[in-house]
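*Asks:*
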Amino acid sequence: FLFLDALSLEEEFLRAMNPSIALEIGCGSGCVISFLAQMLEGVSFFATDINPWAASAGSRTATLNKVHVEVVQSDLASCFMPRLKSRVDVLMFNPPYVPTSPSEVGTMDLPAAWAGGVDGRQ
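With our numbering applied, the sequence shown has no gaps in its numbers, which climb one by one up to 126 at the end.
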């Protein structure tokens, strides 16, 4: 929840910068991008996750929170390039960091969404 707290603390700054495009790489559950979408109006919201389960969850979270986020299963942001090149105003990235067994890293199972390997940085 630290990411949401940080966004809340920066809400005034984010509104003042009047962003037009926000992108979250590795959206996982979609909680962060959906939270930002509730905070800001008039912004196009995009999100990616390499894990199909996480991308699906991200889309569902946005729908349940009544915000529009274009969520795509993709690595990083290659699916949006060159369309978004040099146009992203708010970029968020919260990669997997939870220490786990190395066997969980890089799979297409749901736990891979948070699996960071032995030291959380694999």
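Ideal Cβ placement from N, Cα and C applies to all residues, glycine included.
#1: Determine the contact status of A51 and I37, defining contact as a CB-CB distance below 9 angstroms.
#2: Is A26 near H72, with beta carbons less than 9 angstroms apart?
#3: So, are the CB atoms of G30 and F97 less than 9 angstroms apart?
#4: Smallest Cα separation from R91: which of D9, P23, S60, L44?
#5: Can you give the beta carbon distance from G34 to S63, rounded, assuming they're within the 8 angstroms contact cut?
#6: Can you check whether the CB of V94 is closer than 9 angstroms to the CB of C83?
*Replies:* If we stick to the structure as given:
#1: In the sequence shown, residue 51 corresponds to position 47, counting from 1. In the sequence shown, residue 37 corresponds to position 33, counting from 1. Yes, Cβ-Cβ distance for A51 and I37 is below 9 angstroms.
#2: Indexing the sequence shown from 1 puts residue 26 at position 22. Indexing the sequence shown from 1 puts residue 72 at position 68. In this structure, H72 does not lie closer than 9 angstroms to A26 by Cβ.
#3: Here the question's residue 30 lines up with position 26 in the sequence shown. Here the question's residue 97 lines up with position 93 in the sequence shown. A contact, by the Cβ cut-off of 9 angstroms.
#4: Locating residue 91 in the sequence shown gives position 87, counting from the first residue. Among D9, P23, S60, L44, the Cα nearest to that of R91 belongs to P23.
#5: Start at 1 with the first residue of the sequence shown, and residue 34 comes out as number 30. Start at 1 with the first residue of the sequence shown, and residue 63 comes out as number 59. 7 angstroms between Cβ atoms; contact.
#6: Walking along the sequence shown from the start, residue 83 turns up at place 79. Walking along the sequence shown from the start, residue 94 turns up at place 90. Cβ atoms of C83 and V94: not closer than 9 angstroms.
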